[in-house]
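Chemist: Each protein sequence line maps, in turn, to chains A and B. The opening position of the first sequence corresponds to residue 1 in the working numbering, with each subsequent residue numbered one higher. The opening position of the second sequence corresponds to residue 1001 in the working numbering, with each subsequent residue numbered one higher. For every residue, glycine included, the Cβ atom is placed at its ideal position computed from N, Cα and C.
2 protein chains.
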Amino acid sequence: MGIKGNALFAQSGGPTAVINSSISGAIMEASKHNEITAMYGSINGILGVLNENMIDLNKESKKNIELLRVTPSSALGSSRHKIKNDEEYEKLLKVMQAHDIRYFFLAGGNDSMDTANKVHKLAVSKKYDLKVMGLPKTVDNDLPVTDHCPGFGSVARWLALAVRDAGLDTEAIYTADTIKVVETMGRNAGWITASTVMARQKENDAPHIILLPEVPFIQDKFLATLDKVYKKLGYAVISCCEGLKDEKGEYLTSSKRAVDTDRFGHKQLGGVGETLVSIISENLKIKARCDKPGTIQRVAGIAQSKVDQEEAYTSGAMAVKHAVEGKSGLMVTLVRESDNPYKCTTGVTDLGNIANKERKMPAEFISEDGMYVSDKFIKYITPLIGGALPEYARLEKHFIAKKLLK
Amino acid sequence: MGIKGNALFAQSGGPTAVINSSISGAIMEASKHNEITAMYGSINGILGVLNENMIDLNKESKKNIELLRVTPSSALGSSRHKIKNDEEYEKLLKVMQAHDIRYFFLAGGNDSMDTANKVHKLAVSKKYDLKVMGLPKTVDNDLPVTDHCPGFGSVARWLALAVRDAGLDTEAIYTADTIKVVETMGRNAGWITASTVMARQKENDAPHIILLPEVPFIQDKFLATLDKVYKKLGYAVISCCEGLKDEKGEYLTSSKRAVDTDRFGHKQLGGVGETLVSIISENLKIKARCDKPGTIQRVAGIAQSKVDQEEAYTSGAMAVKHAVEGKSGLMVTLVRESDNPYKCTTGVTDLGNIANKERKMPAEFISEDGMYVSDKFIKYITPLIGGALPEYARLEKHFIAKKLLK
Chain A
1 MGIKGNALFA
11 QSGGPTAVIN
21 SSISGAIMEA
31 SKHNEITAMY
41 GSINGILGVL
51 NENMIDLNKE
61 SKKNIELLRV
71 TPSSALGSSR
81 HKIKNDEEYE
91 KLLKVMQAHD
101 IRYFFLAGGN
111 DSMDTANKVH
121 KLAVSKKYDL
131 KVMGLPKTVD
141 NDLPVTDHCP
151 GFGSVARWLA
161 LAVRDAGLDT
171 EAIYTADTIK
181 VVETMGRNAG
191 WITASTVMAR
201 QKENDAPHII
211 LLPEVPFIQD
221 KFLATLDKVY
231 KKLGYAVISC
241 CEGLKDEKGE
251 YLTSSKRAVD
261 TDRFGHKQLG
271 GVGETLVSII
281 SENLKIKARC
291 DKPGTIQRVA
301 GIAQSKVDQE
311 EAYTSGAMAV
321 KHAVEGKSGL
331 MVTLVRESDN
341 PYKCTTGVTD
351 LGNIANKERK
361 MPAEFISEDG
371 MYVSDKFIKY
381 ITPLIGGALP
391 EYARLEKHFI
401 AKKLLK
Chain B
1001 MGIKGNALFA
1011 QSGGPTAVIN
1021 SSISGAIMEA
1031 SKHNEITAMY
1041 GSINGILGVL
1051 NENMIDLNKE
1061 SKKNIELLRV
1071 TPSSALGSSR
1081 HKIKNDEEYE
1091 KLLKVMQAHD
1101 IRYFFLAGGN
1111 DSMDTANKVH
1121 KLAVSKKYDL
1131 KVMGLPKTVD
1141 NDLPVTDHCP
1151 GFGSVARWLA
1161 LAVRDAGLDT
1171 EAIYTADTIK
1181 VVETMGRNAG
1191 WITASTVMAR
1201 QKENDAPHII
1211 LLPEVPFIQD
1221 KFLATLDKVY
1231 KKLGYAVISC
1241 CEGLKDEKGE
1251 YLTSSKRAVD
1261 TDRFGHKQLG
1271 GVGETLVSII
1281 SENLKIKARC
1291 DKPGTIQRVA
1301 GIAQSKVDQE
1311 EAYTSGAMAV
1321 KHAVEGKSGL
1331 MVTLVRESDN
1341 PYKCTTGVTD
1351 LGNIANKERK
1361 MPAEFISEDG
1371 MYVSDKFIKY
1381 ITPLIGGALP
1391 EYARLEKHFI
1401 AKKLLK
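See the structure below:
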């Protein structure tokens, strides 16, 4: 059994629609266990520990903790702080020791799991009894081992709704705005971009082309495919990943923007959509425009996937259960038992299996021509968005006979 | 009473979340009147008349017509075709005559009302008994006479939700992504941008600065205001209109943007949001990023404002009622009877009062410093978004005492 002491909860990396649901699940579960005495929340991820900015979660109303389930973004605040050196790790541990923290729950992606893993190892080497558990979180869906990541189902649902609407928009006004590019998030992995396929309700629906970072962008091939769609439908909608790269592996974005880097040294991307707009209008002489929803897509409370929200909650609760059973150095994983009916349980994996690793879209999830997803991917993602999209009217369009122009 | 004959329905200009609701209301009303025999839908606005591409709406299922109420975008297709000359107007009338169209209902903005007005006048001069009625439609909310326009309440609701979420995102991850710019639609009128104020649930919430095209952008003043917010909160969220102009009346996109060129040598024609990002990062040396939801904001079915949807439906129905009573050359207007409780009825105005006219934000709706909206505007817009936003958790954050750092 786990030692008796205080628990600390922290959120890391980019906010999502359900990272609060994970924390809500963890807090609700923790409050059931006598091993856990006080419950603290670290403000702005690991920074809150370093700066001793921690709040008392027992003083929050139960209603607030429950509302966290449906509240997007990171209520505790987040950060992308990368622990600089051993000294900072030791400081982290000292703060935890000073506050008798014996349970540390960190929700985050592969960078955060590396941090969690190092804290875990340091505690072991210092013989400080600390249970460290990772809660999977990332809209990017790029963590290995786990079938998928809490956060992904909701960004996928949001994009399914948004690309369906944006597609109907282009279909309606194609005589003026002919080609639409929707730029999605996703640094090196195309999961988010691929998820836009869920916008498609029937053949010929948007998106018509899906450009993934796993597939090198070849301009001529892209233009030829686009031209084919355009000649068939009179318009086209393209989903593209912000991290699209060319055959040399270089980002398609402008050199200026690529200079921006975040604190982990990742290039801050943006602008691929506008680049494609230029390529399309210069080469095909058709009007194109770009929608780039940016951070709106990842934290949309209105489009929370019910499945995603529940899995986030459960993964948080399971992390606590494992910790009070005495486990440490693990991340909770989602394990798909079956597709239809969809059934998903949880498992665990060593933090070291996740730390700094990135899972890209496998070849079997990408269409043969590299510009769409496969049926296998659709089977994979369908249950994650939490149910069918609301029904819309689609007119049958029975044309009347012409009388003047024949 | 109106003459007996066929009715033609058309949708014009940019799609919205409720333009189908307007048409649904008109069709449902038309089906109650014996004066109207067949009901046709023009495909792609006025182009459908010119090309005789019209469908038989009686052959659509009742379920489909009812579903139109909740279906975004323009189900009949739209266009931005501007009638070129008298010849084209005469052609329009000839097609209507050939199909015994005696009722013409056009949903659109100020350009479309100009077209409708000219068709009306031509019919009068040719002594062809045609009842022409305009259905107000524009997310831009820039039509005169009417209190507001169907379509506006829904884009406002969508942006309220999106900017609230994007604001919480920035608030959470401000240590990495410090300033967020959300670029909204609205070429010359700031109504849409102003509506983002509805994201604010309490003091210090996003948006912190609202940049309207009615107020010339003065870089130093903007930077000073932003710096003040940044120093107070540590982050800031700015809503800006795509049509922001400088003191010379030039669009910010063309004048101020440091022209980026991507690796292909294409000019990056990003919008005003990216321009502001450059201005902020170059001058204040703070990291900024831009969300530009583009067309997604105007057609979001998920964020339809109930009030907007009902008013769109009613305005469609009223257009038909007036027409069968024998009226023509009018647009239905929304008349606000009271703010609280909100009560709105309909009226009519001559198409000539709307045609090609543009209503900008009045000075009384803009804050004194020109970088926010006034309380009067908040009173104006509150009922239009159709009810409060869903409740979110906001942690009270009771900090625990520091033990190491004091």
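So who's on the other strand from residue 134 of chain A, going by DSSP bridges?
Modeler: DSSP lists A:106, A:331 as partners of residue 134 of chain A.
Chemist: Taking three-plus beta-carbon pairs below 8 Å as touching, is the segment 1318-1336 of chain B in contact with the segment 1073-1082 of chain B?
Modeler: At 8 Å Cβ cutoff, the stretches do not touch.
Chemist: Counting pairs of beta carbons, one from the segment 1044-1058 of chain B and one from the segment 1327-1334 of chain B, are three or more of them closer than 8 Å?
Modeler: As far as the Cβ criterion goes, the segment 1044-1058 of chain B does not touch the segment 1327-1334 of chain B, which means the pair count is below three.
Chemist: Does the beta carbon of residue 1392 of chain B sit closer than 8 Å to a beta carbon anywhere in chain A?
Modeler: Answer yes: the Cβ-Cβ gap between residue 1392 of chain B and chain A drops below 8 Å somewhere.
Chemist: Which residues in the same chain as residue 1311 of chain B place their Cβ atom closer than 7 Å to its Cβ, once the five residues preceding and following it in sequence are excluded?
Modeler: Result list for residue 1311 of chain B: 1150, 1334, 1344, in chain order.
Chemist: Beta-carbon of residue 1238 of chain B versus every beta-carbon of chain A: anything under 8 Å?
Modeler: No - not a single Cβ of chain A is within 8 Å of the one on residue 1238 of chain B.
Chemist: Quick check on residue 125 of chain A: buried or exposed, where buried means 16 or more other Cβ atoms within 10 Å of its Cβ?
Modeler: Residue 125 of chain A comes out exposed.
Chemist: Answer with buried or exposed for residue 396 of chain A, where buried requires no fewer than 16 other C-beta atoms within 10 angstroms of its C-beta.
Modeler: The residue is exposed, with fewer than 16 neighbouring Cβ atoms inside 10 Å.
Chemist: Taking the alpha helix (DSSP H) that residue 1157 of chain B belongs to, which residues open and close that run?
Modeler: Run containing residue 1157 of chain B: 1152-1173, per the alpha helix (DSSP H) assignment.
Chemist: Determine the closest residue to residue 1133 of chain B out of B:1013, B:1108, B:1187, with distance taken between C-alpha atoms.
Modeler: Checking every option, the nearest Cα to that of residue 1133 of chain B belongs to B:1108.
Chemist: For residue 1003 of chain B, which residues of its own chain have a beta-carbon under 6 Å away from its beta-carbon, when the five flanking residues on both sides are left out?
Modeler: 1102, 1129.
Chemist: Just to check my reading of the structure: residue 115 of chain A and residue 83 of chain A have Cβ atoms closer than 8 Å, yes? What is that Cβ distance to the nearest angstrom?
Modeler: The Cβ separation is near 6 Å, so the contact holds.
Chemist: Tell me which same chain residues have a C-beta within less than 6 Å of the C-beta of residue 1356 of chain B, skipping the five on either side of it?
Modeler: Excluding residues within five positions, the ones whose Cβ falls inside 6 Å are 1110, 1114.
Chemist: Measure the Cβ-Cβ separation of residue 1009 of chain B and residue 1061 of chain B and say whether it is below 8 Å.
Modeler: It is not a contact, given that the beta carbons lie outside the stated cut-off.
Chemist: For residue 287 of chain A and residue 1288 of chain B, I'd like the C-alpha separation in whole angstroms.
Modeler: Their Cα atoms are separated by approximately 29 Å.
Chemist: Determine whether the beta carbon atoms of residue 112 of chain A and residue 249 of chain A lie at a separation below 8 Å.
Modeler: For residue 112 of chain A and residue 249 of chain A, no; Cβs fall outside 8 Å.
Chemist: Answer with buried or exposed for residue 1392 of chain B, where buried requires no fewer than 16 other C-beta atoms within 10 angstroms of its C-beta.
Modeler: Residue 1392 of chain B is buried by the Cβ-count criterion.
Chemist: What does residue 222 of chain A pair with, by DSSP beta-bridge criteria?
Modeler: Paired residue(s): none; residue 222 of chain A is not in a bridge.
Chemist: Look at the alpha carbon of residue 1301 of chain B and the alpha carbon of residue 1059 of chain B, and state the distance between them as a whole number of angstroms.
Modeler: Rounded to whole angstroms, residue 1301 of chain B to residue 1059 of chain B spans 25 Å at the Cα level.
Chemist: Which value, in whole angstroms, describes the spacing of the CA atoms of residue 177 of chain A and residue 284 of chain A?
Modeler: Residue 177 of chain A and residue 284 of chain A: Cα-Cα distance of roughly 14 Å.
Chemist: Count the other C-beta atoms from every protein chain shown that fall within 10 angstroms of the C-beta of residue 1144 of chain B, then say buried if there are 16 or more, exposed otherwise.
Modeler: Result: exposed.
Chemist: Counting only the same chain and skipping the five closest in sequence on each side, list residues whose C-beta sits under 6 Å from that of residue 122 of chain A.
Modeler: Cβ within range, chain order: 89, 93.
Chemist: Count the CB pairs spanning the segment 1377-1393 of chain B and the segment 1170-1188 of chain B that are closer than 8 Å, and state whether there are at least three.
Modeler: Cβ pair count under 8 Å is below three, so no.
Chemist: If you count every other CB in all the chains shown that lies within 10 Å of the CB of residue 1337 of chain B, and 16 or more means buried, which is it?
Modeler: Under this definition residue 1337 of chain B is an exposed residue.
Chemist: Can you check whether the CB of residue 1195 of chain B is closer than 8 Å to the CB of residue 1018 of chain B?
Modeler: No; because the gap between Cβ atoms is not below 8 Å, this pair is not in contact.
Chemist: Can you give the Cα-Cα distance for residue 256 of chain A and residue 243 of chain A, rounded to whole angstroms?
Modeler: Below a pLDDT of 50, predicted positions are generally treated as unreliable, and residue 256 of chain A, at 39, falls in that range; the measurement from the model is reported next regardless. Straight-line Cα distance between these residues: approximately 15 Å.
Chemist: Thinking C-alpha only, which one of A:381, A:369, A:402 is nearest residue 340 of chain A?
Modeler: Of the candidates A:381, A:369, A:402, the one whose C-alpha sits nearest the C-alpha of residue 340 of chain A is A:381.
Chemist: Along the segment 67-88 of chain A, what residues have a CB closer than 8 Å to any CB found in chain B?
Modeler: Residues 67, 68, 70, 71, 72, 73, 74, 75, 76, 77, 78, 79, 80, 81.
Chemist: Find the nearest neighbour of residue 327 of chain A within the set A:347, A:308, A:342, A:314, judged by alpha-carbon distance.
Modeler: Here the closest residue by C-alpha is A:347.
Chemist: If you draw a straight line from the alpha carbon of residue 147 of chain A to that of residue 368 of chain A, how long is it in whole angstroms?
Modeler: The alpha-carbon atoms of residue 147 of chain A and residue 368 of chain A are separated by roughly 23 Å.
Chemist: With 8 Å set as the bound, which would you pick, yes or no: does the beta-carbon of residue 293 of chain A sit closer than that to a beta-carbon of chain B?
Modeler: Yes, because at least one Cβ of chain B sits closer than 8 Å to the Cβ of residue 293 of chain A.
Chemist: In three-state terms, what does DSSP make of residue 1244 of chain B?
Modeler: Reduced to three states, the DSSP call for residue 1244 of chain B is coil.
Chemist: Please specify which runs of the beta strand (DSSP E), each continuous and at least 3 residues long, are wholly inside the segment 187-223 of chain A, giving them in chain order.
Modeler: Counting only runs of 3 or more, we get 209-211.
Chemist: What is the residue span of the alpha helix (DSSP H) that residue 375 of chain A lies within?
Modeler: Start and end: 375-381.
Chemist: Would residue 1397 of chain B count as contacting chain A if we go by Cβ distances under 8 Å?
Modeler: Cβ-Cβ to chain A under 8 Å: yes for residue 1397 of chain B.
Chemist: So, helix, strand or coil for residue 1258 of chain B, using DSSP?
Modeler: Because residue 1258 of chain B carries a pLDDT of 38, less than 50, the predicted location of this residue cannot be relied on, and no value is offered for it.
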